[in-house]
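Residue numbers (numbering that gives the first Met the number 0): 0 to 400.
The beta carbon of each residue, even a glycine, is placed where N, CA and C say it ideally should be.
The structure displayed is predicted, hence computed values, not measured ones.
Encoded as structure tokens, the structure appears first; notes follow it.
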Amino acid sequence: MPSPPSEEAIIEALRGVFDPELGSDVVDLGMVREITVEDGVVTVGLALTIAECPMRSQIENDTVRKVKAMPGVQDVIVRTRAMTKTQRTELMNVARRRARDNAAPTQVNPTTRAIAVGSGKGGVGKSSVSVNLALAISHLGYRVGLLDADIWGFSIPRMLGAGARIEADAETRLMQPVHVLGIKVVSTGLIVESEETALMWRGLMLSKALEQFLQQVAWGDLDYLVIDMPPGTGDIQMALSRMLPQAEMVVVTTPPKNAQKVAIRVADMARRSAMPVVGVVENMSYFETPEGRRYEVFGHGGGRELADSLGVPLIVRIPLDPALGAGADEGHPVVVARPERPASAAFADAARRLVELVPPADAETCTGRIAKLLSALQGPPNDLPAPGGHAVGGAATRHQP
């Protein structure tokens, strides 16, 4: 009779036992909590997500078959128990990372910086922030795309005054984004018959729509892709973290403390999905009179408190500005139509700050870092690229939309 296998050999065999729901093996998922070998009898302790896991029988049977097939094993005993809350959290983190690592390729270049603009609830001006932030980044000279991932509640086309429709290329069969005000835009609002059309879709269809926008749209070369997320922590948020691993999140909130308590949920969801939170934008922060007097109409401190609790910067406080709402309703974004307004200045500051926090890919290369160091020490030489640009023929050029 062969000698019983070692614990290490049994662990390797158990890597062939998969949880079909989570798409990974029981070893990597941390389900194997105990292995003992005594007189040819192997006892395996498994911790499942819940005691009545639907996959329990399959996982137990696969475990028995894999281990019993090993030389020196006479019998296999599987002892199953439910995971603790901490163990379930660790397992889900592993499963989400696996899903991100195995995500199907998209048409979004891996070097494109993807900024998801999220909020805990509706009514905080998230879409308005997405539109004007995308345009403000574009005004810095970067190539920018804007994806309206609020599949049900699309509003981006109206805010931009976009009248064109998304069309598919006859040869590549890829959808072509609509060009509006120097940025590339995709939204279900550019596909349906009218803005009043209701989309009667369930969660899976929403995820499939997002998948199409990422995998079947010819985005081309972009420096930044701004993604207007639906409010809350639903299917779209979870799908995005899986499909677009480079995505990072900016959380939009308003000054009241209760808004901050809601907004922290979307940040928690992002982090649980291995999506970094870049910073916080506080919208509707104050109203400023022409004489320069400020009134904090909706309270004070929600954005700062949220940023501090997350350990990220408060990127900007955007004032209440009548031109901001009017521009959204009329299809004339404030940063384009009214650049002299306080809200426009705030968005310009936000764009500059965001580019500092999430620099374009070429600025993070070793060469880019050396260039920045030389620039700081000696001043910018003529043959070094400006931020966001490339050196061509001895002159600094910026990306043009």
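Reducing DSSP to helix, strand and coil, say where residue i ends up.
i	result
Ala81	strand
Val25	coil
Asp227	strand
Leu403	What is shown of the chain runs 0 to 400, which leaves residue 403 out entirely.
Met174	strand
Phe153	coil
Gly15	coil
Lys120	coil
Glu59	helix
Glu355	helix
Met268	helix
Glu6	helix
Ser185	Here the sequence assigns Val to residue 185, which means Ser is not the residue at that position. Of the three classes helix, strand and coil, the one that applies to Val185 here is strand, per DSSP.
Glu51	coil
Ala347	helix
Asp147	strand
Met107	Correcting the residue type first, residue 107 is Val in the shown sequence and not Met. Note: Val107 maps to coil in three-state DSSP.
Going along the chain, which residues of its own chain have a beta-carbon closer than 7 angstroms to the beta-carbon of residue i, five neighbours each way excluded?
i	result
Ala262	Ser118, Gly119, Val250, Thr252, Leu305
Leu159	Val130, Val179, Leu180, Val184, Gly330, Pro332
Phe212	Leu146, Val185
Thr79	Leu45, Leu47, Arg55, Glu59
Val77	Val43, Leu45, Glu59, Thr62, Val63
Asp456	Outside the displayed range of the chain (0 to 400) lies residue 456, so it cannot be described from this structure.
Would you call the CB atoms of residue i and residue j closer than 7 angstroms?
i	j	result
Val225	Ile317	no
Ala148	Val66	no
Thr48	Arg87	yes
Met69	Pro109	no
Leu319	Arg303	no
Arg340	Ala322	yes
Gly44	Arg55	no
Gln214	Thr105	yes
Val116	Asn282	no
Arg112	Val357	yes
Ile165	Ile190	yes
Ala269	Met248	yes
Val26	Val128	no
Pro255	Ser284	no
Asp74	Val107	no
Gly354	Val311	The sequence as given places Val at residue 354; Gly does not occur at that position. Against a cut-off of 7 angstroms, the Cβ pair of Val311 and Val354 comes out as no contact.
Ser126	Asp227	yes
Measure the C-alpha to C-alpha separation of residue i and residue j and round it to an integer number of angstroms.
i	j	result
Asp222	Ile9	48 angstroms
Asp61	Gly71	18 angstroms
Phe297	Val16	55 angstroms
Glu295	Pro19	52 angstroms
Pro244	Gly278	18 angstroms
Asp267	Asp307	14 angstroms
Lys371	Ala169	Interpretation of Lys371 is limited by its pLDDT of 44, a score under 50 that renders its predicted location unreliable; the figure taken from the coordinates is listed afterwards. Each residue's Cα considered, the two are about 44 angstroms apart.
Thr171	Gly219	13 angstroms
Val315	Ile235	26 angstroms
Arg14	Phe153	44 angstroms
Ser137	Glu59	55 angstroms
Ser2	Val63	18 angstroms
Ala161	Arg351	26 angstroms
Thr42	Glu89	24 angstroms
Leu28	Met242	20 angstroms
Ala360	Pro338	28 angstroms
Asp328	Ala163	18 angstroms
Ala246	Val143	14 angstroms
Phe286	Lys207	41 angstroms
Gly324	Glu210	31 angstroms
Asp38	Met82	29 angstroms
Considering only residues of the same chain and omitting the five flanking positions on each side of residue i, which have a CB-CB separation below 6 angstroms?
i	result
Val334	Asn131, Leu134, Ala135, Ser343, Phe346
Met91	none
Gly326	Pro332, Val333, Ala336
Gln259	Thr252, Gly301, Glu304, Leu305
Ser240	Ser272, Met274
Pro156	Ser186, Gly188, Leu189
Met30	Leu45, Ala46
With DSSP as the reference, please indicate the residues paired to residue i in a beta bridge.
i	result
Arg293	Glu287
Leu313	Val279
Met69	Per DSSP, none; premise fails for Met69.
Gly44	Glu33, Arg78
Glu167	Here residue 167 is Ala; the residue named in the question, Glu, does not match the sequence. According to DSSP, Ala167 bridges with Met174.
Arg87	DSSP lists no partner for Arg87.
Thr252	Glu281
Leu319	Phe286
Arg112	Tyr223
Glu247	Ile114
Val179	Ile182
Can you give me the Cβ contacts of residue i inside the same chain, cut-off strictly under 8 angstroms, excluding the 5 residues immediately before and after it?
i	result
Ala405	An answer regarding residue 405 cannot be provided, because it is not within the stretch 0 to 400 covered by the chain.
Gln57	Pro19
Does the CB of residue i have a neighbour CB from chain D at under 7 angstroms?
i	result
Ala246	Included in the structure is just one protein chain, with no chain D present.
How about residue i: is its Cβ closer than 6 angstroms to a heavy atom in the ligand MG?
i	result
Arg87	By its list of ligands, the structure shown contains no ligand whatsoever, and the ligand MG lies outside what it can speak to.
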